[in-house]
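Asker: So the sequences go chain by chain: A and B. Last residue of the first sequence: 250 (the working numbering), numbering continuous. Last residue of the second sequence: 227 (the working numbering), numbering continuous. Glycine included, every Cβ here is placed at the ideal spot set by N, Cα and C.
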Amino acid sequence: MAKVLKEEDLIKNGKRCDGRGFEDLRPIIVKAGVLKQASGSAYVEWGRNKVYAAVYGPHEVFPKHMTNNYKALINARYIMAPFSGLDDHSRSGPNRRSIEISKVAKHVFENVVLTNLFPKTMIDVHMEVMQSDGGTRVASITAASVALADAGIPMRDLVCGVSVGKVAGELLLDLDKYEDNLGGSDVPMIFAPRNGDLLLYQMDGMLSKDEVERAYDMALGACKKIRVLQENALKEKYKEVFEKIKGGENGNNQGSY
Amino acid sequence: MKNLVVPGEIVSEKPYRADGVFMEEGKTLSAVMGVVEDGRLIPLKGPYFPKRGDYVIGIIKEEGFYGWMADLHSPFEGKISARETREKFRIGDVVSAKIFEVDEVGEALLGEARRLWEGEVLEVEPAKIPRIIGKSGSMVSLIKQYAKTDAFVGQNGRIYLKGGDTSMAVMAILKICSEAHVSGLTDRISAFLEKGGKD
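Printed below as a string of structure tokens:
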């Protein structure tokens, strides 16, 4: 007989089911500039999540009647591939959940992109989830932020996020699919890590006031680590060229650009 | 290595206004990826913003009673008034023009519009154009000299090449674009051109 997984099974001897501690992130890989046709693009592998983000524009507004004469519009589109999850996603295309995530992502980017520099234009931000394992909205927004920077669109900061949740009475950082589905509470948060601005906060389930404060601190601390990965991904391409040229010349890479 | 910045990093402790930066709490921060040199940000990426006095290369995309609209490889369009020019353009024509005025929504009014014949147009990252031109046109004249080609560099990231060894000129320009952020660019490009377009 197959055993049904319960919430209590997810934490054993102070470790989580995948061997992580309570405040550990899953391994994260960030790559910038992976798609040739897009103005900017990024790929994020976050544990078993695989997300592509692409940015097109700024370009002419379509439909034209949406034009804002004072700022650029942001058209965010989050979507999960029909083959992305363990469950049957049946049909491709937007559903209720992905429309919601597209909307919250749009509001995140409206807060960091300097939209007033591009009146009468529109910026398309596409986030495609290829494989999902919990926390895809934070992975998508983290990827899209790198894609925006790769496109050279002026922003106040890179944004990134992480989810915190409560499973079997413990606060855990960066929930995976099972912890998300079986746990008591799930709180995805998006930050602008430079000044700690909280740009997205959604809560499923319940947390006490103390737990909310602890969750905030855990997420902000983790976001500062993720921001470093984003920075490295963006700089990598330029560093490679630099090292190819300068590395051969004097053996050290301490020269200036 | 330390002066390569991403959005949100400090460029200068003093506030100032420039392309690709914004001010916050009396400091200047970068809004785009770039290289910081003496408290100034040189953007590595980013769209072209029309500026008064710039020479640009446009492609005619619309004709109206007022004149023509030109695509400027930018979020913003250029308008050629029929009064300003004696030439007639057709959709798809490549024109060189000077920006006379930029209005409050970024649209550029173009003058001195001339149709460009026969040559080739190369599109590159607009942020690299200052390096392609070089100090008072040194880099572009180097390319012209070796490739024996006629080149016109538009500030909007389009380069018009006509005659001579255009493939060598294109190779040199693409090399500039990928290596623009590493010092000693002029020496490398002249060596590249001397060898006839080989590394």
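#1: If I'm right that Val63 (chain B) touches Ile70 (chain B) with Cβ under 8 Å, what's the distance once you round it to whole angstroms?
#2: Between the stretch 44 to 52 of chain A and the stretch 96 to 103 of chain A, are three or more C-beta pairs nearer than 8 Å?
#3: Closest Cβ-Cβ distance between Ser40 (chain B) and chain A: below 9 Å?
#4: Note the first and the last residue of the continuous alpha helix (DSSP H) segment covering Arg89 (chain A).
#5: Give the residues from the stretch 209 to 229 of chain A that approach chain B closer than 7 Å (Cβ to any Cβ), ordered along the chain.
#6: Taking 6 Å as the limit between beta carbons, can you name the residues of its chain near Lys176 (chain B), skipping five residues before and five after?
#7: When you compare only the Cα positions, how much space is there between Ile253 (chain A) and Asp117 (chain A)?
#8: Would you say Ala98 (chain B) reaches chain A, if we count a Cβ-Cβ gap shorter than 9 Å as a contact?
#9: Please classify Glu222 (chain B) as buried or exposed, where buried requires at least 16 other C-beta atoms within 10 Å of its C-beta.
#10: Pop quiz: Ala35 (chain A) and Ala136 (chain A) are said to be a contact at Cβ under 8 Å. What is the actual Cβ separation, rounded to whole angstroms?
#11: Closest to Val39 (chain B) by CA distance: which of B:Arg68, B:Ala46 and B:Glu52 is it?
#12: Buried or exposed for Asn174 (chain A), please, with buried defined as at least 16 other CB atoms from any protein chain shown within 10 angstroms of its CB.
#13: Taking three-plus beta-carbon pairs below 8 Å as touching, is the stretch 179 to 186 of chain B in contact with the stretch 142 to 159 of chain B?
#14: With burial defined as no fewer than 16 other Cβ atoms inside 10 Å of the residue's Cβ, what is the status of Ser32 (chain A): buried or exposed?
#15: Less than 9 Å between the beta carbons of His209 (chain B) and Glu151 (chain B), yes or no?
#16: Name the residues in the stretch 185 to 208 of chain B whose C-beta lies less than 7 Å from a C-beta of chain A; which are they?
#17: Alpha carbon to alpha carbon, how far is Pro147 (chain A) from Leu141 (chain A)?
#18: For Gly134 (chain B), return the contacting residues in chain A, with the cut-off set at a CB-CB distance below 9 Å.
#19: Less than 9 Å between the beta carbons of Asp167 (chain A) and Val180 (chain A), yes or no?
#20: Can you tell me where the alpha helix (DSSP H) with Arg187 (chain A) in it begins and where it stops?
#21: Using only the alpha-carbon positions, how far apart do Tyr83 (chain B) and Lys126 (chain B) sit?
#22: Any idea if Lys237 (chain A) is buried or exposed, counting beta-carbon neighbours within 10 angstroms, 16 or more meaning buried?
#23: Indicate the three-state DSSP secondary structure (helix, strand or coil) for His52 (chain A) in the structure shown.
#24: Quick one: grab the DSSP three-state call for Phe128 (chain B).
#25: Taking only beta-carbon atoms, is Phe220 (chain B) less than 9 Å away from chain A?
#26: With DSSP as the reference, label Asp82 (chain B) as helix, strand or coil.
#27: Does the beta carbon of Ala59 (chain B) come closer than 9 Å to any beta carbon on chain A?
#28: Taking one C-beta from the stretch 197 to 208 of chain A and one from the stretch 119 to 127 of chain A each time, how about it: are there three or more such pairs within less than 8 Å?
#29: Within a Cβ cutoff of 6 Å, which residues of the same chain sit near Ser109 (chain B), ignoring the five residues on either side of it in sequence?
Answerer: According to the data block:
#1: Taking 8 Å as the upper bound for CB-CB distance, Val63 (chain B) and Ile70 (chain B) are in contact here, some 5 Å apart.
#2: no
#3: no
#4: Arg89 to Val105
#5: Glu224, Leu227 and Lys228
#6: Gly192
#7: Given a span of -6 to 250 for chain A in the structure shown, any question on residue 253 (chain A) remains unanswerable.
#8: no
#9: exposed
#10: 5 Å
#11: The candidate whose alpha carbon is nearest that of Val39 (chain B) is B:Arg68.
#12: exposed
#13: yes
#14: buried
#15: no
#16: So the close ones are Ser206 and Glu207.
#17: 8 Å
#18: Within chain A, the residues whose beta carbon sits less than 9 Å from that of Gly134 (chain B) are Leu110, Phe111, Pro112, Lys113 and Thr114, listed in sequence order.
#19: no
#20: Run containing Arg187 (chain A): none; DSSP gives neither H nor E here.
#21: 4 Å
#22: exposed
#23: strand
#24: strand
#25: no
#26: The answer is coil: DSSP assigns Asp82 (chain B) none of H, G, I, E or B.
#27: yes
#28: No, the stretch 197 to 208 of chain A does not touch the stretch 119 to 127 of chain A.
#29: Gly95
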